[in-house]
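Undergrad: Residue numbers (this note's numbering): 49 to 490. Backbone N, C-alpha and C fix where the C-beta goes; we use that ideal spot for every residue, glycine too. Mind looking over this structure? Questions follow.
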C-alpha cells in the first residue's frame, strides 16, 4: 500500500504564502519601527518523546493509560509516529525558518529495565541530533520530560530516596553517547508542576488520580507507583527535594562528560496576580517556585514555560475578573503573561533565560496566529529592559498527545492526521516563520 505524503500537497501553497508574508514583512518594516531581537536569538519549536513518538510501552504513562480505572481520555498509541518520522519533523522545523528544535530523550526506551541500556536507542537519538546539525538546527535536549521507565515508577518514582542516583546514572550514560552534539540541555521538564496543580485541582480530581495510582501499584505488585506528573497529595512534598537533588545530580553527570555544555531546568511558571489586600500570592510563589529558583541559580540558564495568568486571593486561586476572556483550558491566556513571568524569574535567579515552552491551546488557529506576536511583544519589551533571553521555543511543533486530556487539546503549529500521520502546517506557522526569519517584530 502506498503511504500518503507526510505533508499535504497544499504545503506548497502554505510555504508560498509564507514567502509572500516574509516579503510583506520587509515592505512593512520600511514604513514602521522594527523591534529587533538580539543577534543569535534562538527561534524554535518543541516536542516531547512520549507525546509524539508512539508506543512507549516500557514507560509509566503507557501503563497508566491502559488501566481500569484511568484518568486518561485516550491512549498515546502511535502518537504522531515520530519515532519513525522524526526526519519529517526536522524538515518542517527547517522549512518554518526556525533555528532550534527542542525534543526529549525517552528514559524508558534507553533503560527499559534497571541497568540495561539500549545502544540502539542511544544511536536513534544521536541520529536526531545529527539530523538537527545537518539542517542547521540547534538541538535543545530534555533528558527527562515527565515519563520514566515503569520499573522506576514501580519503585516509588521520585518518592524513592534512590531516585536522584538512578536519574544521575541515566544522565551519565546518555551524556556519554550524546552530549557532544547537544546545543543546550535541560535535566527535567516542569518538575514544579505538581505543586502548581495543587493550587487549582478540584478534590474529585485527586480522588480519581489516587484510584488510578493504586491500580498501577497493584498491577506492578508494588507498594507505591508514582509518576513525575501524577502523584498523590502527600507525595508532593516528598518529591520536591528529591527532584531538586535529581536535577543537581543529573546536571553534574552531564557536565562531567562535557563541561562546556549549557545545562538548566525547565520550570512551569504562571503569571500570578494578587487579588485583594490579603492575597496569598507570595505564599504560592514560595511553595511552588522558590525551591526551584534557588536551585537554578547554579545553572547556566533557566527554561521558562508559561501559558496562563492565575488570580490569587486570600484563600488561594480565585476566578478571573469579570470581562476576562478565558481560553479552551478555562484559564486566562493573556499573551502578556509571558513577558511578566520572564521578568519575575530573572529577578529571582539572575541567570539567562530560554523560553522553552509557550503557546496556546485552541482549535481556532487564527487565535494562535494572533497570540504569537502578542506574546513576543511582551518578551521583546523584557529584553529591551535588560532581561537576557537567549531564545523562544514554541509549544508545540505538532498537535500531539496531551497527557490525560488525550488528543483533544490543540497546541501545534502543524496538524497531524491521526490515521495517516500526514503533517499539515497551519497559518500560525507562517506567522512564527516571518518573525524568526526577520528576527524582529514589525
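1. Report yes if the CB atom of residue 399 is closer than 8 angstroms to the CB atom of residue 350, and no otherwise.
2. Using beta-carbon positions only, say whether residue 382 and residue 315 come within less than 8 angstroms of one another.
3. Contact between the stretch 100-112 and the stretch 125-134: three or more CB pairs below 8 angstroms?
4. Taking only the alpha-carbon atoms, compute the straight-line gap between residue 434 and residue 441 and give it to the nearest angstrom.
5. Secondary structure at residue 304, three-state DSSP: helix, strand or coil?
6. For the stretch 178-187 against the stretch 248-268, do three or more pairs of beta-carbon atoms, one drawn from each stretch, fall closer than 8 angstroms, so that the two count as touching?
7. Please classify residue 195 as buried or exposed, where buried requires at least 16 neighbouring CB atoms within 10 angstroms.
8. Hey, out of 385, 335, 282, whose CA is closest to residue 355's CA?
9. For residue 342 and residue 108, I'd like the C-alpha separation in whole angstroms.
10. Is the beta carbon of residue 437 closer than 8 angstroms to that of residue 390?
11. Between the beta-carbon of residue 94 and the beta-carbon of residue 174, is there less than 8 angstroms?
12. Name the one or two DSSP bridge partners that residue 152 has.
13. Run the CB neighbour count on residue 216, radius 10 Å, all protein chains shown included, and call it buried at 16 or more, exposed below.
14. When the distance is taken between beta carbons, is residue 462 closer than 8 angstroms to residue 477?
15. Counting only runs of 4+ residues fully inside the stretch 88-169, write out the alpha helix (DSSP H) ranges in chain order.
16. What does the Cβ neighbour count give for residue 114, buried or exposed, with the cut at 16 atoms within 10 Å?
17. Where do the N-terminal and C-terminal ends of the beta strand (DSSP E) with residue 254 fall, by residue?
18. Between residue 366 and residue 312, which are expected to be in contact by the criterion C-beta below 8 angstroms, what is the C-beta distance as a whole number of angstroms?
19. Are residue 112 and residue 275 touching if we call contact CB-CB under 8 angstroms?
20. Tell me whether residue 283 sits in a helix, a strand or coil according to DSSP, three-state version.
21. Does the count of Cβ pairs from the stretch 439-454 and the stretch 402-412 closer than 8 angstroms reach three?
22. Once you ignore the five residues that flank residue 120 on each side, which residues in its own chain have a CB closer than 6 angstroms to its CB?
23. Can you name, in chain order, every residue of its own chain whose Cβ lies under 6 angstroms from the Cβ of residue 229, other than the five neighbours on each side?
24. Using the DSSP secondary-structure output, state which residues sit across from residue 83 in a beta bridge.
25. Which term fits residue 308, buried or exposed, when burial requires 16 or more other beta carbons within 10 angstroms of its beta carbon?
26. Closer than 8 angstroms is the cut-off here; do at least three beta carbon pairs connect the stretch 271-291 with the stretch 356-363?
27. In the structure shown, what three-state DSSP assignment does residue 438 receive?
28. Run through DSSP, which three-state label would residue 472 get?
29. Would you report the Cα separation of residue 416 and residue 469, rounded to the nearest angstrom?
30. Starting from the C-beta of residue 169, find all residues in its chain whose C-beta is less than 6 angstroms away, skip the five residues before and the five after it, and write them out in chain order.
31. On the CB-based measure, 16 or more other CB atoms within 10 Å of its CB, does residue 88 come out buried or exposed?
32. Look at residue 377 and residue 82 and say whether their C-beta atoms are less than 8 angstroms apart.
33. Quick check on DSSP: helix, strand or coil for residue 76?
34. Indicate whether residue 297 and residue 369 have their beta-carbon atoms separated by less than 8 angstroms.
35. Is it buried or exposed for residue 372, if we count other Cβ within 10 angstroms and need 16 for buried?
TA: Concretely, from the data shown:
1. Walking along the chain shown from the start, residue 399 turns up at place 351. Walking along the chain shown from the start, residue 350 turns up at place 302. Yes, the Cβ-Cβ distance between residue 399 and residue 350 is below 8 angstroms.
2. Residue numbering aside, residue 382 sits at position 334 when the chain shown is read from its first letter. Residue numbering aside, residue 315 sits at position 267 when the chain shown is read from its first letter. No, Cβ-Cβ distance for residue 382 and residue 315 is not below 8 angstroms.
3. In short, these stretches touch, since the Cβ pair count reaches three.
4. In the chain shown, counting from the first residue as 1, residue 434 sits at position 386. In the chain shown, counting from the first residue as 1, residue 441 sits at position 393. Taking the straight line from one Cα to the other gives about 20 angstroms.
5. Position 256 of the chain shown, counted from the first residue, corresponds to residue 304. DSSP places residue 304 in helix when its eight states are reduced to three.
6. Output reads no: the stretch 248-268 does not touch the stretch 178-187.
7. To locate residue 195, count along the chain shown from 1; it is residue 147. Buried, because 16 or more other Cβ atoms sit within 10 Å of the Cβ of residue 195.
8. Locating residue 355 in the chain shown gives position 307, where the first residue counts as 1. Comparing C-alpha distances from residue 355 to each of 385, 335, 282 shows the shortest one belongs to 385.
9. The residue you call residue 342 lines up with position 294 of the chain shown. The residue you call residue 108 lines up with position 60 of the chain shown. Those two C-alpha atoms are separated by around 29 angstroms.
10. Position 342 of the chain shown, counted from the start, is the residue given in the question as residue 390. Position 389 of the chain shown, counted from the start, is the residue given in the question as residue 437. Cβ atoms of residue 390 and residue 437: closer than 8 angstroms.
11. Within the chain shown, numbered from 1, the residue matching residue 94 stands at position 46. Within the chain shown, numbered from 1, the residue matching residue 174 stands at position 126. Contact flag unset, no.
12. As a working note, residue 152 is residue 104 in the chain shown. In DSSP, residue 152 forms a bridge with 190.
13. Here residue 216 refers to the residue found at position 168 of the chain shown. Burial is judged here by how many other beta carbons sit within 10 angstroms of a residue's own beta carbon; residue 216 has at least 16 and is buried.
14. To locate residue 477, count along the chain shown from 1; it is residue 429. To locate residue 462, count along the chain shown from 1; it is residue 414. In this structure, residue 462 lies closer than 8 angstroms to residue 477 by Cβ.
15. Runs of alpha helix (DSSP H) with 4 or more residues, each lying fully within the stretch 88-169, are found at 97-100, 108-113, 130-143, 155-158, listed in chain order.
16. Taking the chain shown and counting its residues from 1, one reaches residue 114 at position 66. By the neighbour-count criterion, in which 16 or more other beta carbons inside 10 Å mark a residue as buried, residue 114 falls on the exposed side.
17. One-based indexing of the chain shown puts residue 254 at position 206. Counting along the chain, residue 254 sits inside no beta strand (DSSP E); it lies in the alpha helix (DSSP H) bounded by residues 251-267.
18. Along the chain shown, one-based indexing puts residue 366 at 318. Along the chain shown, one-based indexing puts residue 312 at 264. Contact flag wrong, Cβ pair sits at about 32 angstroms.
19. In the chain shown, residue 112 corresponds to position 64, counting from 1. In the chain shown, residue 275 corresponds to position 227, counting from 1. Taking the C-beta atoms as reference points, residue 275 is found nearer than 8 angstroms to residue 112.
20. Counted from its first residue, the chain shown places residue 283 at position 235. Assigned with DSSP and collapsed to three states, residue 283 falls in helix.
21. The answer is yes - the stretch 402-412 touches the stretch 439-454, with three or more Cβ pairs under 8 angstroms.
22. The sequence position of residue 120 within the chain shown is 72, counting from 1. Excluding residues within five positions, the ones whose Cβ falls inside 6 angstroms are 113, 452.
23. The residue labelled residue 229 in the question sits at position 181 within the chain shown. Once the five neighbours on either side are set aside, the close Cβ partners of residue 229 are 177.
24. On the chain shown, residue 83 is found 35 positions in, with the first residue counted as 1. Beta-bridge pairing links residue 83 to 489.
25. Within the chain shown, residue 308 is the residue found at index 260, counting from 1. Answer is exposed; the Cβ neighbour count stays below 16.
26. Inter-segment contact for the stretch 271-291 and the stretch 356-363 is absent: fewer than three beta-carbon pairs are separated by less than 8 angstroms.
27. For the purposes of this step, residue 438 is taken as residue 390 along the chain shown, with counting starting at 1. Correct three-state label for residue 438: strand.
28. Stepping through the chain shown from its first residue, residue 472 is reached at position 424. DSSP places residue 472 in strand when its eight states are reduced to three.
29. Translated into the one-based positions of the chain shown, residue 416 becomes position 368. Translated into the one-based positions of the chain shown, residue 469 becomes position 421. Going by the C-alpha atoms only, they are around 22 angstroms apart.
30. Taking the chain shown and counting its residues from 1, the one referred to as residue 169 is at position 121. Correct list, in chain order: 157, 158.
31. As a position in the chain shown, residue 88 is number 40, starting the count at 1. It counts as exposed.
32. In the chain shown, counting from the first residue as 1, residue 377 sits at position 329. In the chain shown, counting from the first residue as 1, residue 82 sits at position 34. No, they are not a contact pair.
33. The residue you call residue 76 lines up with position 28 of the chain shown. For residue 76, the predicted model reports a pLDDT of 41, less than 50, meaning its position is unreliable and no value from the coordinates is stated.
34. Start at 1 with the first residue of the chain shown, and residue 297 comes out as number 249. Start at 1 with the first residue of the chain shown, and residue 369 comes out as number 321. Not in contact: residue 297 and residue 369 (Cβ atoms no closer than 8 angstroms).
35. As a working mapping, residue 372 is identified with position 324 in the chain shown. Classification of residue 372: exposed, given that the 10 Å Cβ count is below 16.
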